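In what follows, a single structure is set out as structure tokens and then discussed.
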Amino acid sequence: MVTLPIHPRQHAYQAGKSTETVRHQLVGRIERALDAKEYTLGVFFDIEATFDNTTMDSIRTILDDWKVYRSVRNWIIALIKERKICVKVHDDIIHASTNRGLPQGGGLSPTL
């Protein structure tokens, strides 16, 4: 059995958690610190194009590190690698293939 490491403070892609719950938790921590006359410091960052630039090699490596069954690993890699992207703008349709990246909004994407 494989246990995927999702941190308990991760608020995306988990039942009962959302951007609303993370904001509520953050504000609560700030308010407690201020009530205790403590300082607060927040550091926020966004890694640009994280999902777009994830390589197949890095996905393969992490799945190997987690000791995911080879058949499941190969299925995940094929699913991501063989994706076809289709974009329709008005009457124009653009088709593309991928050689890296993860689907944004995909449940497995943040874990990988």
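By the count of the numbering used here, the sequence shown reaches residue 132 at its end, each step adding exactly one.
The C-beta atom is built at its ideal place from N, Cα and C for all residues, glycine as well.
None of these values were measured; they are calculated from a predicted model.
Alpha-carbon to alpha-carbon, residue j and residue i
| i | j | result |
| --- | --- | --- |
| Thr39 | Ala53 | 21 Å |
| Lys121 | Glu68 | Just to set this straight, residue 121 is Gly in the shown sequence, not Lys. C-alpha separation (whole angstroms): 13 Å. |
| His31 | Ser129 | 14 Å |
| Thr70 | Pro123 | 11 Å |
| Trp20 | Asp55 | Lying before the first or after the last residue shown, residue 20 is absent from the chain, which here runs from 21 to 132. |
| Thr41 | His27 | 15 Å |
| Met76 | Phe64 | 28 Å |
| Ile50 | Arg29 | 16 Å |
| Leu83 | Ile114 | 32 Å |
CB of residue i within 8 Å of CB of residue j, strictly
| i | j | result |
| --- | --- | --- |
| Ser91 | Lys104 | no |
Simplified DSSP state of residue i, which is helix, strand or coil
| i | result |
| --- | --- |
| Thr39 | helix |
| Gln45 | helix |
| Arg29 | coil |
Secondary structure, alpha helix (DSSP H): runs of 4+ residues fully inside the segment 64-123:
70-73, 76-85 and 90-101
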